[in-house]
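Undergrad: Residue numbers (our numbering): 6 to 250. The C-beta atom is built at its ideal place from N, Cα and C for all residues, glycine as well. Because the structure is a prediction, the values reported are computed rather than measured.
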């Protein structure tokens with residue numbers, strides 16, 4: 006607890022930023038190497054480098070004595086502060102050489118996001134936010150869009166792994182009326198794009214907390230709305246918007 010009390014949110018964010026950069030550098034340097042798969046199940050793919058990157062991030066953050074919840078090595082949520090990390094959000098994209106992937110680090114307290122850091126290491130775009138201090142992209146303040154009608158707005162989402170034609174048709178029906186529909190394959194970047202006004206609305210079912218934790222802080226601090234609810238075990242349904250749609 007002593008280490009926690011010594012570090013304020015700004016100091017903790019600086020640590021998260023430097024850690025994300027270190028992880029991103031590691032992932033960039035590893036791009037030319039063959040990506041070893043340790044698990045492939047359904048639409049999901051897990052790489053050894055996911056594990057290696059999470060170890061790197063954990064090693065950097067553990068000095069804070071704050072518990073860590075990560076995609077690869079688990080952990081638990083808490084009413085107290087805890088880190089939430091996704092070493093590569095968009096692993097399938099990274100595996101295939103697509104640039105829609107990132108490192109995501111958040112500090113949570115219960116269900117409240119205190120810090121959000123999302124780093125797209127492919128183009129050196131660092132999205133950052135601290136509760137009550139605004140949201141930024143590479144130190145430039147960002148805000149959600151002012152688009153208020155679906156026929157002018159862009160939605161980002163992910164196609165659900167539906168078991169029935171009916172549920173798939175229902176999903177497609179919900180996309181009617183939007184000007185543009187985008188599927189990036191990264192929940193964290195989808196959140197960052199809403200926060201920065203590049204998209205206007207993000208909705209998806211079945212994501213995990215580590216996919217969206219940093220995005221919660223970013224979207225709220227950029228003036229948007231971040232609604233998320235637990236729907237099954239560790240999976241969430243999320244709706245992040247510019248607060249006008």
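1) Would residue 30 be called buried (16 or more neighbouring beta carbons within 10 Å of its own) or exposed?
2) Where in the stretch 181–207 do unbroken runs of the beta strand (DSSP E), each at least 3 residues long, occur, reported from the N-terminal end onward?
3) Is the stretch 157–174 touching the stretch 62–75 in the sense that three or more CB pairs, one from each, lie closer than 8 Å?
4) If you follow the beta strand (DSSP E) that residue 117 is part of, which residue opens it and which one closes it?
5) What does the alpha-carbon distance come out to for the pair residue 20 and residue 63?
6) Can you give me the Cβ contacts of residue 114 inside the same chain, cut-off strictly under 6 Å, excluding the 5 residues immediately before and after it?
7) Of all the options 129, 154, 110, 153, which has the alpha carbon lying nearest to the alpha carbon of residue 144?
8) Here's the rule: buried if 16 or more other CB atoms are within 10 angstroms of the residue's CB, otherwise exposed. What is residue 67?
9) Taking Cβ positions, are residue 147 and residue 200 nearer each other than 7 Å?
10) May I have the straight-line CA-CA distance separating residue 156 from residue 205, to the nearest angstrom?
11) Using 10 angstroms around the beta-carbon of residue 4, count the other beta-carbons present and answer buried if the total reaches 16, otherwise exposed.
12) Is the beta carbon of residue 145 within less than 6 Å of some heavy atom of the ligand COA?
13) One question on the structure: do residue 110 and residue 25 come within less than 7 Å of each other, judged by their Cβ atoms?
14) How many angstroms separate the CA atom of residue 41 from the CA atom of residue 54?
15) For the putative contact between residue 162 and residue 208, defined by C-beta atoms under 8 Å, what is the C-beta separation to the nearest angstrom?
16) Going by other Cβ atoms of all chains shown within 10 Å of its Cβ, with 16 needed for buried, is residue 7 buried or exposed?
17) Tell me, please, which residues DSSP counts as bridged to residue 52.
18) Which same chain residues end up closer than 8 Å to residue 9 when comparing Cβ atoms and leaving out the 5 residues on each side of it in sequence?
TA: Straight from the coordinates:
1) For the purposes of this step, residue 30 is taken as the residue at position 25 of the chain shown. With fewer than 16 other Cβ atoms within 10 Å, it is exposed.
2) 185–187
3) no
4) For the purposes of this step, residue 117 is taken as residue 112 along the chain shown, with counting starting at 1. Start and end: 117–125.
5) Working through the chain shown from its first residue, we reach residue 20 at position 15. Working through the chain shown from its first residue, we reach residue 63 at position 58. When rounded, the distance between both Cα atoms is 12 Å.
6) Here residue 114 refers to the residue found at position 109 of the chain shown. Within the same chain, residue 114 has close Cβ partners 86.
7) On the chain shown, residue 144 is found 139 positions in, with the first residue counted as 1. Out of 129, 154, 110, 153, 129 has the C-alpha closest to the C-alpha of residue 144.
8) In the chain shown, the residue the question calls residue 67 occupies position 62. It counts as exposed.
9) Looking up residue 147 in the chain shown gives position 142. Looking up residue 200 in the chain shown gives position 195. For residue 147 and residue 200, yes; Cβs fall inside 7 Å.
10) Against the chain shown, residue 156 aligns to sequence position 151. Against the chain shown, residue 205 aligns to sequence position 200. In a straight line, the C-alpha of residue 156 is about 11 Å away from that of residue 205.
11) The requested residue 4 is not part of the displayed model; the chain covers only 6 to 250.
12) By its list of ligands, the structure shown contains no ligand whatsoever, and the ligand COA lies outside what it can speak to.
13) Translated into the one-based positions of the chain shown, residue 110 becomes position 105. Translated into the one-based positions of the chain shown, residue 25 becomes position 20. Cβ distance < 7 Å, so residue 110 and residue 25 count as in contact.
14) For the purposes of this step, residue 41 is taken as the residue at position 36 of the chain shown. For the purposes of this step, residue 54 is taken as the residue at position 49 of the chain shown. Those two C-alpha atoms are separated by around 7 Å.
15) Here the question's residue 162 lines up with position 157 in the chain shown. Here the question's residue 208 lines up with position 203 in the chain shown. The Cβ separation is near 5 Å, so the contact holds.
16) On the chain shown, residue 7 is found 2 positions in, with the first residue counted as 1. Low local confidence applies: a pLDDT of 43 at residue 7 is under 50, so the model's placement there is unreliable, and no value is given.
17) Counting from 1 along the chain shown, the entry for residue 52 is found at position 47. According to DSSP, which records beta bridges pairwise, residue 52 is partnered with 42.
18) As a first step, residue 9 must be located in the chain shown, where it is residue number 4. Since pLDDT at residue 9 reaches only 47, below the 50 mark, its modelled position is unreliable, and the value read off the structure follows with that caveat. Once the five neighbours on either side are set aside, the close Cβ partners of residue 9 are 69, 70, 71, 86.
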